[in-house]
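Visitor:
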Amino acid sequence: MGFEALIDRLLKGDTRAAARLITIAENDIGAAEEIINSIYKHTGKAYILGITGAPGSGKSTLISTLTNIFVKEGKKVGIICVDPTSPLTGGALLGDRIRMKKHFTTDNVFIRSMANRGQLGGLARATEDAIKILDVYGCDIVIIETVGVGQSEVDIFRPAQSVLVLLVPGMGDDIQAIKAGIMEITDIFVVNKMDLPGADRKVSDITQMLELSMSFKYDYENLNQDHAIVHKWTPKIVKLNSKTGENFDNLLEIINEHKAFLKETGVIENYRLNRIKNETLQILKHKLTRKVEGLIHSNPQIDEYIRLVMDKSMDPYSMANLIIKLLGIE
Numbered sequence: 151m152g153f154e155a156l157i158d159r160l161l162k163g164d165t166r167a168a169a170r171l172i173t174i175a176e177n178d179i180g181a182a183e184e185i186i187n188s189i190y191k192h193t194g195k196a197y198i199l200g201i202t203g204a205p206g207s208g209k210s211t212l213i214s215t216l217t218n219i220f221v222k223e224g225k226k227v228g229i230i231c232v233d234p235t236s237p238l239t240g241g242a243l244l245g246d247r248i249r250m251k252k253h254f255t256t257d258n259v260f261i262r263s264m265a266n267r268g269q270l271g272g273l274a275r276a277t278e279d280a281i282k283i284l285d286v287y288g289c290d291i292v293i294i295e296t297v298g299v300g301q302s303e304v305d306i307f308r309p310a311q312s313v314l315v316l317l318v319p320g321m322g323d324d325i326q327a328i329k330a331g332i333m334e335i336t337d338i339f340v341v342n343k344m345d346l347p348g349a350d351r352k353v354s355d356i357t358q359m360l361e362l363s364m365s366f367k368y369d370y371e372n373l374n375q376d377h378a379i380v381h382k383w384t385p386k387i388v389k390l391n392s393k394t395g396e397n398f399d400n401l402l403e404i405i406n407e408h409k410a411f412l413k414e415t416g417v418i419e420n421y422r423l424n425r426i427k428n429e430t431l432q433i434l435k436h437k438l439t440r441k442v443e444g445l446i447h448s449n450p451q452i453d454e455y456i457r458l459v460m461d462k463s464m465d466p467y468s469m470a471n472l473i474i475k476l477l478g479i480e
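Numbering-wise (the numbering used here), the sequence shown opens with residue 151 and increments by one.
Dropping the structure here:
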């Protein structure tokens, strides 16, 4: 299948072409491969901002306010909302018309909801491809909002250059942050709803946890990419009110400071190298998983292995090693 016409329209900033290509890439990895192969040389211009936080922390409101500011600055903004997956259809339960709906007809704003399809980290398989499509579409900034319902939000920093985590007074997010490893991936902590009691206490709690995390020696060799602590960037904390826009100037200043830091220190190049490694690894995992699943369901030899495991004549590890031999990738 050829996508030349859609890609030509995408390069000219056609919104419908962008939407159509994202849909195709999300639903068909084979087609996604063809699309990315055609557009990849045009990617690398957009700045990617990851935003996560617990439900009710105000992520969508924060993104709406940020989007307003970016658009007034003349920027084109792409927003990818990674939603919980419907167990029946595999589609997103929450739609972009519901959240941030006032931006739906705004010029220079593209909003897309994507289902996470149960993947670790809350990011859809096709999110990376969607980012590239929006990059080629002409977005200056691509914002990713994750589900924010589990401990696997650390996956957000694979595609994101700057990571924001929203916390709200009285929600107990400090404990969840420790469990989820959020300290290790966050560039900016945002204490939203600063008018609520306990906002200053929340800032104090985050500060103490940061000081504690900085005192430990981590083994970074197996991490997916350099992050805040590794590049010696000290995570910043800002209080604001996403509904009123109070103190957003401070947040924007810190975002720009982090962006400049990545460029001036050369860390942005390490980010790009690690992003390529991670994305390639994810693609390999996906392709190999599909190949193994196909083999298991179609090769009668596998059924014999399964019977041997059931009879305790073989263990699952030995069976896995035999399957690897069948794949010819030992």
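Ideal placement from N, C-alpha and C gives every residue a C-beta, glycine not left out.
Give a yes or no on contact between the region 380-396 and the region 272-292, applying the rule of three or more CB pairs nearer than 8 Å.
Guide: The count of Cβ pairs closer than 8 Å, one atom from the region 380-396 and one from the region 272-292, stays below three, leaving the stretches out of contact.
Visitor: Would you tell me roughly how many angstroms separate the C-alpha atoms of M469 and K191, rounded to the nearest one?
Guide: 42 Å
Visitor: Quick one: Cα of I479 to Cα of D279, how far?
Guide: 27 Å
Visitor: For the 8 Å Cβ check, are there 3 or more pairs between the region 219-235 and the region 180-194?
Guide: no
Visitor: When the Cα atoms are used, what is the spatial distance from I338 to K386?
Guide: 5 Å
Visitor: Which value, in whole angstroms, describes the spacing of the CA atoms of L156 and I291?
Guide: Straight-line Cα distance between these residues: approximately 22 Å.
Visitor: For a quick check, are the C-beta atoms of G444 and A310 less than 7 Å apart?
Guide: Their beta carbons are not under 7 Å apart, which means G444 does not touch A310 by this criterion.
Visitor: Alpha carbon to alpha carbon, how far is A410 from N400?
Guide: 15 Å
Visitor: According to the neighbour-count rule (16 or more other Cβ atoms, all chains shown, within 10 Å of its Cβ), is R422 buried or exposed?
Guide: By the C-beta density criterion, R422 is exposed, having fewer than 16 other C-beta atoms within 10 angstroms.
Visitor: Terminal residues of the continuous beta strand (DSSP E) containing D233?
Guide: V227 to D233
Visitor: Does DSSP classify E454 as helix, strand or coil?
Guide: helix
Visitor: DSSP beta-bridge partners for R425?
Guide: DSSP output for R425 lists no bridge partner at all.
Visitor: How is the beta strand (DSSP E) around A265 delimited, first residue to last?
Guide: Going by DSSP, A265 is part of the beta strand (DSSP E) stretching over V259 to A265.
Visitor: Using C-beta distances below 6 Å, list every residue in its chain close to G228, excluding the 5 sequence neighbours before and after it, in chain order.
Guide: F260, L284, C289 and V292
Visitor: Ordered along the chain, which non-local residues of its own chain (more than five positions away) have a Cβ less than 8 Å from that of A181?
Guide: Contacts found: M151, F153, I174 and A175.
Visitor: For N342, which of L314, M359, E361 and E334 has the nearest alpha-carbon?
Guide: L314
Visitor: What did DSSP end up calling T277 once you bin it into helix, strand or coil?
Guide: helix
Visitor: Quick one: using the 10 Å Cβ neighbour count with 16 as the cut-off for buried, is H408 buried or exposed?
Guide: Buried, by the Cβ-count rule.
Visitor: What residues in its chain sit with their C-beta under 7 Å from that of K389, if we drop five residues either side in the sequence?
Guide: V341, M344, A349, V353 and N397
Visitor: Can you tell me whether S312 is helix, strand or coil according to DSSP?
Guide: strand
Visitor: For the candidate residues S312, R308 and P347, whose alpha-carbon lies nearest to that of M321?
Guide: P347
Visitor: Grouping DSSP H, G and I as helix and E and B as strand, with all else coil, what is K389?
Guide: strand
Visitor: Quick check on the DSSP output: the alpha helix (DSSP H) that includes T415 runs from which residue to which?
Guide: F398 to T415
Visitor: To the nearest angstrom, report how far apart T430 and R351 are at their CA atoms.
Guide: 42 Å
Visitor: So V318 is in the beta strand (DSSP E); what residue range does that whole segment cover?
Guide: First-last for V318: undefined, no H or E at that position.
Visitor: Which whole-angstrom value describes the C-beta separation of I179 and I230, a residue pair presumed to lie in contact below a C-beta threshold of 8 Å?
Guide: Between I230 and I179 the Cβ distance is about 18 Å, and since that is not below 8 Å, they are no contact.
Visitor: In this structure, how does DSSP classify G224 when only helix, strand and coil are distinguished?
Guide: coil
Visitor: Exposed or buried, which one is G203 when buried takes at least 16 other CB atoms within 10 Å?
Guide: buried
Visitor: Between which two residues does the beta strand (DSSP E) carrying L199 extend?
Guide: Y197 to G203
Visitor: Ends of the beta strand (DSSP E) at E295?
Guide: First-last of the beta strand (DSSP E) with E295: I291 to E295.
Visitor: Count the other C-beta atoms from every protein chain shown that fall within 10 angstroms of the C-beta of D158, then say buried if there are 16 or more, exposed otherwise.
Guide: Counting Cβ neighbours within 10 Å, D158 comes out exposed, since fewer than 16 surround it.
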